[in-house]
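Start counting the sequence shown at 3; every next residue gets the next number (the numbering used here).
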Amino acid sequence: MFLRPRGASDPAETMRAASTATDPAPDMADEARARASHLYFVLGLTQQAIADRMGLSRVKVQRLLAEARERGIVRIEILSANAGRLAQEARLTERYGLHLAQVTASECGPGAALSEVIGRYAAVTVAPMLHDGATIAIGWGVTLKALAAEIAPMPLHGATVAPLLGSLSRRSTIDRFEAASVLARRLEAECYTLPAPIICDSAGSCAMIAGQSIVRDVLARAAQADLALLSVGGCRSSTLRATGYVTDAEFDALEAAGAVGNFLGYYFDASGAILDHPVNARVVGLHPEDARRIPRRIMVSGGPEKVAILRVLLARGWCTG
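Structure follows, in structure tokens:
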């Protein structure tokens, strides 16, 4: 028996009054989402440990965590120097319909060139794409050679490496740019060679060299590749210019004709079209339109002088990422 002093209020009435004077009870589902999120993101518990603590199934915990993010209970902010680059990669991927994009740091350490930094990053990205029986077609230049050199040794059974364009030059420094043999050694793969200049002296000599069976066979192999590793060159700063394949006068003429850079030895204009220019009739290599049929095409390039040609090629779908 409960005896109430004279004048005291009824406890039931007091409870009813209190309930009307306070805010509504919190959403218990939101409480569960917040609790699961705290245990997972702050305390670092596993989803199974959270399930055990809250008396739920692991699937239910996964659902609570997903709903917490959807409802804004949890916001993830990446506080890192890499955060800006990650956002840029996402924008590039979405804008150009790429499988992936990777933006590297532009700062280089003492004695390191930007091409080496890009090559190092690219090697990490490309390595998982390499597999037994693969045919890899690769271009030419310091960045692609840096990529090839950074690939960790990984013997691949039945793999083949084929160059996308010629590599002969009158200068011994050409070895700085030849990437196919370097990659083949890292993979212990069969390496095809293309004993021809990238750009011949004349259209006639180019046609004669390109007509040789050894050249046709190598380029046919490159055209059938599973993966192409590509790069571009600018106009004013170009490996083709540095190695003497194209003279200063020819570069001036190419720029006057609207060239924004070169890809696989061919010069393109700002619309993404291959220029109708005599230099482009002297290239020994896989034609860009044939390279475009290779299923996976990774572009490995960087630097302010290459922005124009990269933008053009990305917009026209020349690489897949």
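Using N, Cα and C, we set each Cβ at its ideal position, and we do this for glycine too.
Note that the coordinates shown come from a computational prediction; the quantities given were computed from them, not determined experimentally.
Measure the Cβ-Cβ separation of residue i and residue j and say whether it is below 8 Å.
i	j	result
T137	A164	yes
S215	G141	no
A103	E91	yes
R181	K147	Looking at the sequence shown, residue 181 is not Arg but Ala. Contact flag set, yes.
A317	G263	no
For residue i, which of helix, strand or coil comes out of DSSP?
i	result
N282	helix
C208	helix
G263	strand
E192	strand
A19	Summary for A19: the model assigns pLDDT 38, below 50, so the residue's position carries little reliability; its value from the coordinates is reported in the next sentence. A19 falls in the helix class under three-state DSSP.
G121	helix
I216	helix
E180	strand
G86	helix
P197	coil
Enumerate in chain order the residues of its own chain whose CB-to-CB distance from residue i is below 8 Å, with the five nearest sequence positions on each side excluded.
i	result
L167	G141, W142, L196, I200, L266, G267, V285, V286, G287 and L288
A70	R35, A36, A38, S39 and V76
C321	L100, L232, R299, I300, M301 and L315
A310	G236, V262, G263 and A272
Which residues in the same chain as residue i place their Cβ atom closer than 7 Å to its Cβ, once the five residues preceding and following it in sequence are excluded?
i	result
I211	A198, C202, V217 and V286
A227	T137, I138, A139, A164 and I296
R243	F253
I52	A38, L41, Y42 and V63
Kindly identify the DSSP beta-bridge partner or partners of residue i.
i	result
V234	F265
R298	L229
G57	None; G57 has no bridge partner.
D271	A261
Apart from the five residues on each side of it in sequence, which residues of its chain come closer than 6 Å, Cβ to Cβ, to residue i?
i	result
G135	G160
R87	V105
E192	T162
G323	L100, H101, L102 and A103
Write down every uninterrupted run of the beta strand (DSSP E) in the region 127–171 whose length is 3 residues or greater and which is fully enclosed by it, in chain order. 137–140 and 162–165
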